[in-house]
Structures are given as structure tokens and as C-alpha cells.
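Asks:
Protein chains: 6
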Amino acid sequence: MRARVVTFGEMLLRLTSPDHERLLQSARFDAVFGGAEANVAVQLAQWGIHARYVSVAPEGNPLAAAARSELRRFGVDVSCLVEGPGRFGLYFMERGTDARPSRVVYDRRGSAASLAGPGSVDWGRAFDGAEWFHTTGITPAISRSACELTVEAVEAARDRGVTVSFDLNYRRGLWDWGRPATDVLAEFIEMTDVLIASEAHLRMVLGSEDPAGGRTGDPGRVEALMGAALSRYPNLRTVALTVRDGSSWSARLADVETFHVTTRYDVSRPVDPIGAGDAFAAGMIYGIHALEGPTEAVEFAAAAGCLKHSIPGDFCRSTVDDVTAVLEGARGVDR
Amino acid sequence: MRARVVTFGEMLLRLTSPDHERLLQSARFDAVFGGAEANVAVQLAQWGIHARYVSVAPEGNPLAAAARSELRRFGVDVSCLVEGPGRFGLYFMERGTDARPSRVVYDRRGSAASLAGPGSVDWGRAFDGAEWFHTTGITPAISRSACELTVEAVEAARDRGVTVSFDLNYRRGLWDWGRPATDVLAEFIEMTDVLIASEAHLRMVLGSEDPAGGRTGDPGRVEALMGAALSRYPNLRTVALTVRDGSSWSARLADVETFHVTTRYDVSRPVDPIGAGDAFAAGMIYGIHALEGPTEAVEFAAAAGCLKHSIPGDFCRSTVDDVTAVLEGARGVDR
Amino acid sequence: MRARVVTFGEMLLRLTSPDHERLLQSARFDAVFGGAEANVAVQLAQWGIHARYVSVAPEGNPLAAAARSELRRFGVDVSCLVEGPGRFGLYFMERGTDARPSRVVYDRRGSAASLAGPGSVDWGRAFDGAEWFHTTGITPAISRSACELTVEAVEAARDRGVTVSFDLNYRRGLWDWGRPATDVLAEFIEMTDVLIASEAHLRMVLGSEDPAGGRTGDPGRVEALMGAALSRYPNLRTVALTVRDGSSWSARLADVETFHVTTRYDVSRPVDPIGAGDAFAAGMIYGIHALEGPTEAVEFAAAAGCLKHSIPGDFCRSTVDDVTAVLEGARGVDR
Amino acid sequence: MRARVVTFGEMLLRLTSPDHERLLQSARFDAVFGGAEANVAVQLAQWGIHARYVSVAPEGNPLAAAARSELRRFGVDVSCLVEGPGRFGLYFMERGTDARPSRVVYDRRGSAASLAGPGSVDWGRAFDGAEWFHTTGITPAISRSACELTVEAVEAARDRGVTVSFDLNYRRGLWDWGRPATDVLAEFIEMTDVLIASEAHLRMVLGSEDPAGGRTGDPGRVEALMGAALSRYPNLRTVALTVRDGSSWSARLADVETFHVTTRYDVSRPVDPIGAGDAFAAGMIYGIHALEGPTEAVEFAAAAGCLKHSIPGDFCRSTVDDVTAVLEGARGVDR
Amino acid sequence: MRARVVTFGEMLLRLTSPDHERLLQSARFDAVFGGAEANVAVQLAQWGIHARYVSVAPEGNPLAAAARSELRRFGVDVSCLVEGPGRFGLYFMERGTDARPSRVVYDRRGSAASLAGPGSVDWGRAFDGAEWFHTTGITPAISRSACELTVEAVEAARDRGVTVSFDLNYRRGLWDWGRPATDVLAEFIEMTDVLIASEAHLRMVLGSEDPAGGRTGDPGRVEALMGAALSRYPNLRTVALTVRDGSSWSARLADVETFHVTTRYDVSRPVDPIGAGDAFAAGMIYGIHALEGPTEAVEFAAAAGCLKHSIPGDFCRSTVDDVTAVLEGARGVDR
Amino acid sequence: MRARVVTFGEMLLRLTSPDHERLLQSARFDAVFGGAEANVAVQLAQWGIHARYVSVAPEGNPLAAAARSELRRFGVDVSCLVEGPGRFGLYFMERGTDARPSRVVYDRRGSAASLAGPGSVDWGRAFDGAEWFHTTGITPAISRSACELTVEAVEAARDRGVTVSFDLNYRRGLWDWGRPATDVLAEFIEMTDVLIASEAHLRMVLGSEDPAGGRTGDPGRVEALMGAALSRYPNLRTVALTVRDGSSWSARLADVETFHVTTRYDVSRPVDPIGAGDAFAAGMIYGIHALEGPTEAVEFAAAAGCLKHSIPGDFCRSTVDDVTAVLEGARGVDR
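From first to last, the protein sequence lines are chains A, B, C, D, E and F. Residue numbers are given in numbering that gives the first Met the number 0: position 315 of the first sequence equals residue 314, and the series is strictly consecutive. Residue numbers are given in numbering that gives the first Met the number 0: position 180 of the second sequence equals residue 179, and the series is strictly consecutive. Residue numbers are given in numbering that gives the first Met the number 0: position 53 of the third sequence equals residue 52, and the series is strictly consecutive. Residue numbers are given in numbering that gives the first Met the number 0: position 217 of the fourth sequence equals residue 216, and the series is strictly consecutive. Residue numbers are given in numbering that gives the first Met the number 0: position 22 of the fifth sequence equals residue 21, and the series is strictly consecutive. Residue numbers are given in numbering that gives the first Met the number 0: position 132 of the sixth sequence equals residue 131, and the series is strictly consecutive.
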């Protein structure tokens, strides 16, 4: 169980207005680090998986230094963080509730990661000892060069026989550098072994070929969608989807042999849903390495994603025991 | 869309114990300005409507100065704030949840607004350029002289051909200066063009003549109630009611031609419901000016009131786009 | 209505990570005093019952001094707090939500109360003027000597004709000094007049003799359980159970003549459920003294326990009027 | 050392903007109870003196209830708190530093204490067992009736042979009910045994007869001032003055036999100077009862007043040991 | 006294770690708006001067919208805020004490103001009705185009006969777009009527021609420095310098007729020194318009700058009365 | 510059009441990790020195897990943290100011470190690759077995030729397990190469042999004291003392060739002086490894200790550049 997992992406500082206030309603921000790929590495490290996080951060920048320390706190391997010119990316957030959606305002222009491009990272060093590579559809969205760097990363992984997982993570607010998101994301799927996505994002990428009607979360419709992905992209070994339906959260896994629908969790009083998908992705990677089979993996991943809803910040701060308690239906006060 | 709306009432400082604590459980108060009529002006100004707030505030008082600045922050026209002797009114609040109601403790005795009376305000200046006047049943409750000043305001508006909207806003804890609330409120309805109320308050004022049985929120019963109001007070052009039923929030509009029931919103995880009725009132005024018809107006108003439940403080801090997102059923995280 | 109630147990300082954070996620703890038996005394004193709290606290310790002041703030009689060697007991807490249980980590080893034993307290002075004695299954759990001291307390009460109420309060994380919890708790039930418990804890103590199947909260099954307790322990005059079923909270009372099921309350948005059982216990003691009969008592107690869910801290800070408002179904904003 | 001290005055809620912000710069207030005479009682009770606080507070008011609990927390005897009509008095505060003075804005109009008058308090009960009575020049300032009630209190004390201490406590912002402050305060001095004041206030009351030139804190000038007071008011047994000179704090005591100048303390980094004079007054009362002579008393009092500068809130939270440590010049970290 | 003052520059959001923590030591930032030229406008508006703030802010950006509201709160005329492409500029700050300097980390790259250039602003509209124009050496530092836009602004002012004041405000961390700061700043001085600076910055710009030795704050040396400026730049009517010497703060004014050294203030316990120079600049502009002569102006300005040290945030929140109290040496607690 | 430094001691959680409040005045604690030897390791790691921290922490304890993560955040080598039975040690703190000393209340009884004894640590692994060992007089104070374990550590270091530095760190509140502190500390000095202490502690240990009169900080007296230490303990290569004199902070170094008095720093506005001695110790170790000679080392160390006074928490969070800025006299705002 000493799988060496590498994740690659951009780390961000999230600035959230307190409680559910509008931005700058009070003169204060809660500040946490995040970024989908860092979130995955942080969670894996806490579960005892050797996780290395690769990124390009601004040189001599105190935010970047603090980010590095924060990763180290969780035991993430930060030996392959690269420095480059540019800013440290930020995002501002307001938390919604009921009918009011949470709002994210990105401030990533000119960030070191968006200015980086092919050649910025020494992939030989980054993948030294690695068995698994995870990245997402966010970095390809931030700039053409960052997209090319991500392609380079995936190709370098595949050249070394490293398994590739890819989380679609479509971000409407980011894609503006020229190519349509769906085209780019589809190209990444073609290089992926394990595809992770929310139902809505996968449906968007598969586009007009949506093979079934019915409402979100409809089991038959989701199974058809996942089947379509598996047939269109024969390189895919596994597709794992998260499904939100009102206040419930669950997941589906499909591979050649299995279609599994997980336990459905009530997440009606979320503390912080940001990063739930990343906790799910980490759960899939952990489960595939450490648990008995794909069914156990996706159940573990769904429980981890559920748990993340209750934990403030981008990072899922959980142990394997914490996830197991969710799987076992623990409730109330544990004393 | 440059309607000049005037609102009149008393601005208050709300002191809330943090989280859901009892008063002074911690040695801290969260402090926000409010007051029904200021809430309406603040919301209208953010939606691009020229809104002037008229009030009587204590002279040389730093709370009054801060209140004026706070209104100006939202673009409210404060040129007709009048100074007079007295205190700045306060209210203390504890937030409840589930079976525990929120508690309001007023501390308004001796306030400048309650000491003011007819002649305190130059209505000619106040209504200069005005097309609409909005006030509520709160100011008439705080003292006999404040009630008389409010009557003077409504009459001055009518004399100038300014449309009058009135929100019943019955406050049990305030009415003690002599005349029964129902009598006074009924007299105001007689001078009103657009009546805004919660179902319960309208039922209370119409009193024994309640024309229908059935439980709160029952559509037929509400329609009958609104019909009774329209027939008893032929001056009324429009009646708009907000209806709470458990954790749902919706509204009804009735005029000579229309009876419309709005979308029903889940507000089961409210952040701060204070001011939801005022956001609804502002939505009605905005909608009548800027949208196609009464149906669109009341739908917009209901969505605004729903949105206010998610926003801390008395003021609804929203843009037209924010309300539109509620109308369109936005959810989750907008990124 | 000047019943003199004595409660005995250990007072603790609870250190809670803010919001729903994991322990030390932020460099801050919210700190409140608690302890089941202190919670009962604090609530009774606020309802006008003379309540004396007996405990053994570390001498010359500033936390103990602060605890004593905090009790005095609520009007609790602290004249029989005894000093002894040892630490002041602590517990750390993380608050959960939805599928994540709250977590309690005790740090009570070497506390003054756990080092105390028979002879530590002058029971003659402690029970002077007393009519009722309340203690719980927590103190017997912390050490053999503390268990023996609790037995001494109950026997001293019975010798003086003082009514004994006992709350099972099983704490899995504490019982490790040698004897099984179920054996010890059963011995306490044999000395009890009024038994208070959660359904689950009573079922655990009655063990294999569980006389009925069915799921938690099933009325018939609960009635059978309570009946079994009454027949096995003929000393019991009254059994009062709290029942949680999903997000609902209610209670059952059984005595020779009555089996009563209370109103069922929704507690789906709890602020702090810790101490709800203690508020229920206080409500039973209050109700038996001040209300008409057992049915009224358990209804009052259930409402008090419901109310506690909405109040931060271990202590239920409520007046009789506050509980009455819950009984009457008050909602929304009381203004 | 079981002297029964009675103090009388108005309790207030202080609302302070956080840090050194202007009022409502942030939407928050820190809230503490205070009032000169309550401050004295609270400090005496912590030093083991039986202290009873007499006041008139608004009936059924949650702030008054919280104030009563807060006093009880410190062991103050609240059995003679009287209820009457009116509000609970408030004051708002901004904290200054360096060249910016702190600012107090009173909001006491219509308070229960200012509406009270002769006959509001049962002085027989209030002075039952009392040996010492302490009041200040604040209550006479708030209204004519409150002034008359204070006169009644002092006369009732003298009739019973109770020693009277009076702290001038001139508050420029309060005196507006008709009579000049200097006249009224002079009349109180005529009924006083132990006069406590700041140098500046005593100089103001003695007025044109200021017997010496020189700058503030000049020893000879202060001695002459105190001598003038003793000769003009032969009823005075003791005069104790606090002297601020830049960032230093010290005191002077004069009686028939003694003129003592205390240690001079540096208070250049004050946390909260409000209540320092009250801690000094309490120190005088404590010292006269418990220490060897007037010199020891005023040294203890000066150290207590110095200590108060370091403690947030109106109340001085200190033990006798804490004051002794100041007297002994403790510094740094006590570990 | 209705002088129309226009200021031009970039508004920034300052993110400060709480207390004196290092950046991200806690997961929180205090957030306030600032920017030298906005600070001047905000203070002038509070003193009753009509102040218009001209800037280029990112379009559709919620931070820009909040900044605009914040200016409006103080009564600043925001009618000439222009929108353009780019980010909203930020700066991060750690507060030092004693031997640890405060640290500012700019994050302004790609800001709307730095991307703006000649033609971005309609100066005809901006200077409509203006009598005075104030800008500083910060905007010329952020980019070549912003420098050119500032030159355009100054020329436009001069063309319209508007008096120009210029604050050197050298920021070492910003100047990197090509030309040396000293060259550029010297060119601005040539277009200036009233030059404002700290002693150190003026010395730096005058360079090798420093006409006198001696240590910082040495009166003769400062007078010589100011004399040198007046002779080298005959366009200068007035030079006003702030001088820090250890923990003291004072100012000097020189014009053809006057050399005045102000009162020296102790600022040894500063709450927030950021913006003190801007408060000084505002004080000069106010004083020249509203007070008797240059001596009174610079004394007022020095007192305003002193006062700013005690006020949290970039903005000086003060009234004319507040400054007057400093001039009159007010101390302690004003009650 | 890749010296491998090992430090050994007990890590503690410090719980501080906010601002300068008395313990539990507010229901909140600020919580930071500390402990003299951890503080040294944390600072060294930030300066690029490989630092390994050895301790015995309670097994399966969430506070211990958080402590480990916190060390890892700074890059400390935590591979030799040992688990054992017991609690995690705490200390409570109140911050003083001016005449009020800060107060520390230890709660370490039963801690894992105090229960540990010889054999608890594998010193072979701990010292693998080590060149320097640092420990202090605190661990020998907490229990006989911990003292014996510390002796074992020092002997193991000496056996391996590892240089030993020892910081006296006398803690009056801890020494109660039997032997007098002075005897035990003297035995440790006999095994020490580099002795670090405050002037007062060294004077206490050298006892009656104090070779010189004069007041604290008197240069001649301090030089004589250090000389006496060097002659009495010929094993000592270097003695480095910190000297506090009122609000100033400086240091002295003595070895065979040198007696150096460092720059004297003003620390009159300390943010948190806890850990200043540890920052000084770390500075000595860093300086001896990385700087030119003993004079440079002690100047660096004194500046680091000065800097620590400005940084909240036990840990000194500084870079080499930060210390250099202090050495160079940086002031004000660095922008």
C-alpha cells in the first residue's frame, strides 16, 4: 500500500466572506488553500498513500511559501514544486444556502501556473517512482500554455506506464483562451484510464450523443451515459460519477464488468461542499489501491465525498477511520 | 426606469447575539442597521431605482451619522434625513432555530423618530420629483405623534398624486400608545394604492370578517382573504401577500384582473429572515416599474424575499441578476 | 415550589473547535463548562428551584475557580463544592453534521473528581434540607473510587429519605477501570426512584432480556422496554426515556399508572445537542415538583430537551416561559 | 474581615467598537457590564468582602437579568436590586491611543435608574447589617430624581451610623438636569467620611479656592489641594486622590495625621483604563478594613487601580494575591 | 468652503493578517480598501469638502463594486470612476512592532489601473468644476501606461487652471517598468504647485544635491532641504514635509514667506500608520481652503496625520472636531 | 550548512485567553503548540538547518497528531517522535502588560513525556547523522523519570561526539519531584558544551558564589558571572546569556577568547515574548554553524530573540532575511 501517486495542477488561495455574507459585507476573509489536484494529494497523504504534488508557483512569493508549508503539514511530497514568474492565483467565494447558489470569482490571471508551459516541469523527476497520475480539467482551462503543459504531463505519465486518472471538473468561468472546453476535455479523456466526473459534466462532454432521456440522477439514464463513455473511449477502464439529486449525494461506477450504485447520503446541512468531488477522486484512487474491488472503492469514495461536505476548507481532513464511520452509518455524538 | 421612490420610517440599530446564543451569553453583539422602510430603500437603490429615505434621527449622534453613511453606501438619497431631539432606536435580537423562535427586544423609547410629529418633515422637499411613496405599519406603532406624522406623510403623498404602498407590518411588541393597532392600520389601508402584507397580518386586520376557513397558506382561503380586502377597500389597486407554510415561502398577488400564486421556495436553512418582507415589498415596487406586468412583479418580489433569507443583516444585498438567478432555479456553486 | 435539589458529579471544561472544524484546524477553541449533573443544577436554578451542586474540584486551580463563578452566575448553590488534589477535567469536541458524527475526546485522567473517593464529601452538609438527589452514570465510569463515592452519595440520600433520580448516561469512552458498565449501572438502578435514560442506553443495560423487536423509536417496543424495567426493578417509581429517530426528538414516561408518548419535535438544525438529555432530566425534576402530573412533567421535559438543541454550550439557558413557548408551538420571530 | 459594604448606582451595558475602531466601523460591539458602583462591589466581593449592590433596573428586561447574573458570578449580593419602569442604560465607547482620546457616548435617557426617585428603594433592607456605604457623583448627574434618591441613600446610611465613602466621578457629558455639578457634588462631600477623587475633579469642585499653582501631579500642589478639602469639609476623615501624569499612575492619601504619596506606576500600555478609579476606591475600602493603616490602604488601592489598566472590561478581575504581586513589582512571565 | 477637489489613482484591497501574525499564520485576513489618492478623497469628504475620486477599475468585478460603495459611504463623488479590462489590485500586509517592520506585498500586476493609459479617462468631465487636483507618485510607478495617464491628468489639470498637489510617495517595491523613479518623480514636481512628501523621499529625489548634513529630523537640515526644493523647482508654491523621528511625528511647511515646524506628536503606540501621509495631504488641502494661513494648515495636517496612526484601516475616519481635539491636546477618556 | 541538529523535550498545547483577559473571562482560548525544544527545532528548520525533534507523545491522541503535523509544516524531521501512554501536556496562559505579569498555569501531570523514562527512546536512531544536540532544563523538571531520560539523552549524545547545548530554562512552577532544581541543573551544565541562559537563571544556579554585586544587566557584573561559570565548569566552551533590563533586550557571549555585548533592542511593545529565549538559542546554533564567528552568532541570536517578541505564538516564524533586517535596523513599513 505504498503507491506513489502524483497529482498536478494549480494551487489557489480561497478568500471566503464569513458566514454567508456577500463579498466584503464585513471587512474580513477566511483564507484557505485549495485547488482540485492539491486537494486530492492532501487527502491521499492523510490516508497513508505517498502523494507528490507537482505545480508551478511564483518565486519568492510568501503565499506560495505558505502553500508549500500547508501541503507539508499533511505529509504531501513537495519536492517537485517548481518556481516560475507570475502571481499566486486566488479565488473569492460567497457561500449560498437554499435558493442562493454559492458564488466563485476567480482571480487567476497572470498566475505562475497559467504562465507556465511545456518544459516548465522536469517530468522525469516528477514521475520518479510513480504508479498513478491524477489531474483534472481545470488546469487546461486556465491558459493555452497550461493546457499544453497538462498534455505534456499526461503523455509523460503514459510513456512511463503510469496509470492516468482524470477528473473532468468543467469550470464555465475559466474557459476563454480559445478552444472549446468540450473538445479539449474529450482529448484528455482519450488519454485517461480512470475517468471521474459529475453526471452533469460528463453529459456535457458527451454532448448530443446523450443516449437517454430522464431527469438528473435517474439510474437508467446514468448507466446509459456511463456505458456510452466506455464505448466511445475504449481506453477507459473505469468511469466513476458523482450524482447530486436535491440534497442527496451518491456515486456510480462502471467498468467492463461492474455497474454499481452507491449508498445515497443526505448532505442537506453542508458545511463546505467545495472539494467533495476531489475527496471522491482521492477515495477512488485509495480504494483501487487498498480495497478489495471496484465496488468497495466507489463506496469508500462516495463516503469520503459525503464526509467532505461537513469539513470546512478545500481540503478533506479525514482518516480512513473517519470514512469507515460514515460507511457504517455513525451518527450523533461519539463519546 | 428612473422612478423616484420615497420611503419613510425609523432606522434602527440591531444588536444580535452571535450564532444562536442567548443575549449576552458572550460579551459581544453583531450590529447592523435596519428598519423596514430603510430596507426597502436600500434594496431599490441597488436595483437602480432612485430611492430617497426620509426619517427623523437624533442630532449630533454618532449612531445616526453611521446610519446615514450606511445608507449612502448603497446609493440611497439621504438628502431629506431630518434631525431632531431624542435617542437612536435599538433592538436586541436572539436567533432561534427549529422549535425556538427568534426573539426581538425593542429599545426605542425616547427615540428621535418616536418624539417627532406633524411638522417635523418638509414633505414638499421630500416628495420633490417622487412618483411612489412606501411606508409601513411600524412607525404608526411607536407613538401617537409618530403615527400622526405618518398620516401627514401619506396625505402629502396623495395630495401630490404620488402612489402609496403600505406594508401592514404588525408588531405586537410596539403597540401601546392608546389606539388599537387594527383600527389605525385599517385607516392607513384606506389611503393605500398597493397593500403589502403577510397573510397573518392581513387576516388580523380584516378581523371577524375573515371570509374563509382552512389552514394557513390554503390557496382558496388566501384568495378569498385578498378578495375581501379588495372589496372592502375599493381604493386598493393591488394586494400582495407573502405566505409562510412551514419551511416554504411564496406570495400571492390580487388585483381587479389577476390572482397569481408564485413559485414556492424552500427556506429551511435561513441565514437571516429579518427583512424578507421588505425585500418582497421592494420587489413589488421594482416589478411594477420595470417588469412587464403584475405576475412578473410578484414573482420577482417573491424571489427577492426568498433570497433575503440567505443574506445576513436587515438589508437585502442583491442585484437584479441575483434575483433572476433565483427565479431561474440556480443552485450549488456558480463557478 | 422551593424543592431543594442536590446534584453530584464532575464539572468539565469543554474545548470545541470552532464551527465544524477538526480539532486544531484553526488555532482556537470555544470553551464552556459542562458536566451532566452541573447542567441539571444550572437549568433547575434558572427555573427557580433551589439547586445545590456537589463536586470535588482541584484546589487553587483557576479553572475550578472560574467554574464555581459560572455556576454562581446561574444561581446554583456552590456551598458544598469540595477541594481535593488533582487536575480539572477537560474534554475536546469536534462538531459533526449530516453523516459526520460529533467527536468527544476526554482528558479527565488524574482529575480531582476521579481521584476522590468515599469520605471526600460531607454528605450530611450536602443533603441538609434536600428533597431530591440527582446523579448519573458518568461519575461511576471515571474511576473505581469515584464510583464508590457515588454509591456513598446515593446511599446517603436514601438514608435521609431523599428521592433519587439517576440518568444512565452511558459513555463508552470512559469505562475502563475494571467492572463492566452494565453491572455497575444496574446496581445504581436498584437504588433509584426515577430512572432517566435514552432508549438505547436502557436497552443496553437491560441486555438480553429486551422484550420486544422492532426498530428504534417503535412505540410498542419502547413501551415494552420500559415495562420490563419497571418489573425488573420494583424500586423504580418512574421511567422517563428520550427517543431520537432521525431528526426527531421525543420522550416517553412510564409509571405504574401511565404510559405517555410526548409531542415529537423536529431538531434537524441543531445548534448544540450536548446537554439535551440533561435539560430533559431537569425538566422531569421540575415537572414532578411544579406541574400537575407525570404527563405534564414529561411534556415539559421533552420541550426543554428540544429547546436545548438550539442553545450553544452544555448549559440549557432557558426560563419556564421559554419552555412554555416550545410547548405552545411558537415559531419564527417573536416581536 | 466580614465588613458588609453596600454600593448604590446605575448599572450600564458598555458597547465598545473592537480594537480601536470608530463606532460601527465594523459591524460589531464588545459588550460588558459596568457602572462605577457595581465595579466597586464586584472587586470587593472578589477580595472576600461581603458586598451588596443596590440599584433600580428595568423590570422584565433581559439585559437587566443578564446584569444581575453577571454580578452574581462574582459573588455580589443582589438581593436588594429593585425593579422599576424604564430602559436599561447603555454607553458606547471608542478606544483611543496616543493623541486620540477614548470617546464615551452615553445612552441613558429614560433608564430605570434615572426615572427612580426617593422611595424607590427600601433602605432599611438595603443597609441591614451594613458598615460602609459607597456611592459616586455619577447617579446624582443623571436626573433630578436620581440625585434626590442618592441623597436619600446617603442620609439613610448616616442615620444608621454607616460610614460613607463618595467618589466625585464628575462626568461632563451627563450633567444637564438643572443644578450645577459643583454645587451638588459639594453637598455630597458634606455628607461624606471618605472622599475619593481624581486630582482634576477635586480641583474643579474646590473651584476658585484652588490653594496652589503648579502643574498636575505636582506633589506640593496636590498636598495643598487635599489639605484645603480637609479644612473646608471637617466631616471628612480621609481624602484619597488618584493622580495621572502622562503615562504614570499614583495616589495620595491625606487625613488628620498622614499625607502619603504612593508608588508611581507606569501604565503606558493600558488594555482598558475604564474602572481604574473604581478599583482604587475598592482598594481603599478593602485596605481600611483589612490592612494595617491608611498608608497600606492607599498603596493597595493604587496598585489595584494600576492593575485595572491591564484588565479588559469595566470590572477589575483580581484577587488579593494579584494586587500583592503588583505591590511587590512582579514582571514578565510568572511560570 | 465648497472647493471641488479631484484625486486620481488606483484603489486597492488591503489584506492584512490579524494582530501581528505572519501572512497566513491564521486562516484569515482583515480586508480594507485603500490607495493613497482614495484615502485623501475619503478624508476630505468627511471634512465637508466636495471630493471626486477618479480611477480605472475592472468592469463587472465585485471587488470594484464594493470599493465604489465604500467610497460612496464617505460621501466621495464616484461619478467619474471609469471601467476597464484587468484585475482589481491587492496588497497583503503583515503588521510589525518595535524592531520588526511591517511588510507590504503588492499583487497589482494586470490591474485595470496599470493597464489603463492615455485616453482612458475623460478629463473634461473629471475636472468639471474642479479647483484642485491631487495625485501621487504611486500610479506612475505601476506601469508605463499608468505613468503616461497620470501625466495626462496633471497636464489636463494645469490646462484648466486647477491647482496641482503631488505627494512623492516613493514605493521601492513597485518601480520596475523601465525609467528610474527619481527621474519620473522629478518631472512631476515640475508640474506641481504644492509638493507633499516625507523627508526621506524628498531627499532621495533631490539626490546628490542634498544641501546639508545632519541626522533625520534635524531642523536646520530639513529647512535646507525644503529650501533647495523651492529653488530648484520655482513652480512650487509650497512644500510640506512629514518627519518621523523615532516614535515622534511632526511636519514642516515652507513657502516663499514661511518656514514652520509643527507640534511634535508621540505616536509610539500606533494602531495603523498606513495612510498617515495621506491624512496629512488631505489636511494640507483642507487647511489651505478652510483655515487662516499656511501655518494653521500644516498644523491641522500634522494633527490629522497623527490621528490617523490611531485609526484602523487605510482611511482616516475623522471629523474636523476630532482633529481639533488633537490640536488642543485632548487625552484620556472623553466622557 | 547541512548540520543535523537534534532537540529533545515535551511538546505542549498552549491555551491563551484572548487579548489580555483573565482565564475564561471570555469563553475562548487561542491555541498554539509550543515547548522550548520544539520551538528551537521549528526555527532552525525555517533557517534551512536539518532539525529533528525527539519527544514522547501520547498514542492515538488527536492533539499529538495535530502537533506532529504542525512540526511537519515547518519542515521539522518528525521521524523520531515516540508514542507512549499518558496525556498531551497543556498550559494555560494569561497575558499581562505593564505592572501585570503574564501568568502560566501548567497542566502537564500524567503527560506522556512525564511518564516516559530511560529506554523510551532509541537514541541510536535519534542521533543518526546528528552533529548537535539541544535540550533544556524543563524536561528534567517535570518528573524523575523524565529527568533520567534527559540524562540518558545527553550521555548518548556525548558518547557519539555530538556537541551539547543546554538552556537552563528554570521553571519555578514545575520542580516538585524531589531533587532541588539547582543541583540537577548544575549536573547538566557539567555535561554541556554551549550553555544558554537568562542572566537571572544562571545567577540562581551559580548561587552564593555570585562574584559581583550591582543591578541586573550591569555589564561588569554579567561578565563576572559568565567568567565564574566558565571557570567552575571547564567543560563549557561557550556561555551565552540573554539580558532583560526594563524594556530592553540584549545578549552577552563569553568563551575563552571573547566577551561580547550585543546591540540592545527596545521590546517595549511585545506581541508575544514566549519563546524569545528559544529563538535566541536557535540563533546561537545557527550562528555557530553558518556565520563567521561567535560575535556574529550572538548578534544574530539576539536579533532573532528580539524578533520573536513581535510574533504571536510559541514558534518564531522567521527567515534569515527577517533576522538580518532586524540586525540592519529596519523600521516602519517595508513597501
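No residue lacks a Cβ here, since even glycine has one placed at the ideal position from N, Cα and C.
Quick one: grab the DSSP three-state call for A:ALA211.
Replies: Here A:ALA211 scores only 46 on pLDDT, less than 50, and its place in the model should not be relied on; the value that follows carries that caveat. Note: A:ALA211 maps to coil in three-state DSSP.
Asks: Can you round the beta-carbon distance between A:TRP122 and A:ALA155 to whole angstroms, since I take them to be within the 8 Å contact cut?
Replies: Indeed they touch by this definition, with Cβ atoms about 4 Å apart.
Asks: Can you confirm whether B:GLU9, when its beta carbon is compared against all beta carbons of chain D, has any partner nearer than 7 Å?
Replies: With 7 Å as the cut-off, B:GLU9 does not count as an interface residue toward chain D.
Asks: Return the bridge partner residues of A:ALA164 from the DSSP annotation.
Replies: The question names Ala, yet the displayed sequence has Ser at residue 164 of chain A. Its beta-bridge partners are A:HIS133, A:VAL193.
Asks: Tell me whether the beta-carbon of C:GLY304 lies closer than 7 Å to the beta-carbon of C:ALA275.
Replies: Yes; because the gap between Cβ atoms is below 7 Å, this pair is in contact.
Asks: Taking only beta-carbon atoms, is A:ALA211 less than 7 Å away from chain E?
Replies: Residue confidence for A:ALA211 is low, a pLDDT of 46 falling below 50, so the modelled location carries little weight; the figure read from the coordinates is stated next. Cβ-Cβ to chain E under 7 Å: no for A:ALA211.
Asks: Return the first residue and the last residue of the alpha helix (DSSP H) that E:GLY347 is part of.
Replies: Absent from the model: residue 347 of chain E. The displayed extent of chain E is 0 to 334, so no value can be given.
Asks: Name, going along the chain, the residues of the segment 13 to 30 of chain B whose beta-carbon falls closer than 7 Å to a beta-carbon of chain F.
Replies: Residues SER25, ALA26.
Asks: Rounding to the nearest angstrom, what Cα-Cα distance links B:ALA196 and E:ASP166 in this structure?
Replies: One C-alpha to the other measures close to 56 Å.
Asks: Kindly indicate if chain F contains any beta-carbon less than 7 Å away from that of D:GLU208.
Replies: In this predicted model, D:GLU208 has a pLDDT of only 46, less than 50, meaning its place in the structure is not dependable enough to derive any value.
Asks: Would you mind giving the Cβ-Cβ distance between F:THR138 and F:ALA98, rounded to the nearest angstrom? I have them listed as a contact below 8 Å.
Replies: Their Cβ separation, rounded to whole angstroms, is 32 Å, which puts F:THR138 and F:ALA98 out of contact at 8 Å.
Asks: So for F:THR237, helix, strand or coil by DSSP?
Replies: Note: F:THR237 maps to strand in three-state DSSP.
Asks: Just checking: is the beta-carbon of C:SER247 within a distance shorter than 7 Å of some beta-carbon in chain A?
Replies: With 7 Å as the cut-off, C:SER247 does not count as an interface residue toward chain A.
Asks: Check the Cβ of E:TYR264 against every Cβ in chain D and list those closer than 8 Å, keeping chain order.
Replies: What E:TYR264 touches in chain D: ASP97, ALA98.
Asks: Please list, in chain order, all residues of the same chain as D:MET92 whose beta carbon is under 8 Å from its beta carbon, the five residues on each side excluded.
Replies: So the qualifying residues of the chain are ARG13, LEU14, THR15, SER16, SER101, ARG102, VAL103, VAL104, ILE273.
Asks: Taking Cβ positions, are C:LEU326 and C:ALA300 nearer each other than 7 Å?
Replies: Cβ distance not < 7 Å, so C:LEU326 and C:ALA300 don't count as in contact.
Asks: If E:VAL322 sits next to E:ALA250, beta carbons under 8 Å apart, how far is it from one beta carbon to the other, in whole angstroms?
Replies: Incorrect: roughly 13 Å between the Cβ atoms, too far for contact.
Asks: Check the C-beta distance from B:SER317 over to B:VAL270 and give it rounded, since I have them as a contact under 8 Å.
Replies: The Cβ separation is near 13 Å, so there is no contact.
Asks: If the cut is a Cβ gap below 9 Å, which residues of chain C does A:GLY331 touch?
Replies: What A:GLY331 touches in chain C: GLY95, PRO100, SER101, ARG243, PRO272.
Asks: Would you check if the distance between the CB atom of E:PHE32 and the CB atom of E:ALA63 is smaller than 7 Å?
Replies: The answer is no: Cβ separation not under 7 Å.
Asks: Of the choices D:ALA185, D:THR262, D:THR162, D:VAL161, whose alpha-carbon is the least far from that of D:TYR169?
Replies: Comparing Cα positions, the closest option is D:ALA185.
Asks: Per the DSSP calculation, C:TYR52 is bridged to which residue(s)?
Replies: C:TYR52 pairs with C:THR6.
Asks: When the Cα of F:GLU130 is compared with those of F:THR6, F:CYS315, F:GLY312, F:ALA329, which residue comes out closest?
Replies: Comparing Cα positions, the closest option is F:THR6.
Asks: Can you pull the chain E residues whose beta carbon is under 8 Å from the beta carbon of B:ARG373, in chain order?
Replies: Outside the displayed span of chain B (0 to 334) sits residue 373 of chain B, for which this structure offers no information.
Asks: Okay, do the segment 40 to 52 of chain D and the segment 41 to 57 of chain B touch, 3+ Cβ pairs below 8 Å being the bar?
Replies: Touching, no.
Asks: Output, in chain order, the set of chain A residues within a Cβ distance shorter than 9 Å of E:ALA65.
Replies: Here the neighbours are ARG21, LEU22, LEU23, GLN24.
Asks: Smallest Cα separation from C:CYS146: which of C:ARG157, C:SER164, C:ARG178?
Replies: Nearest C-alpha to C:CYS146: C:ARG178.
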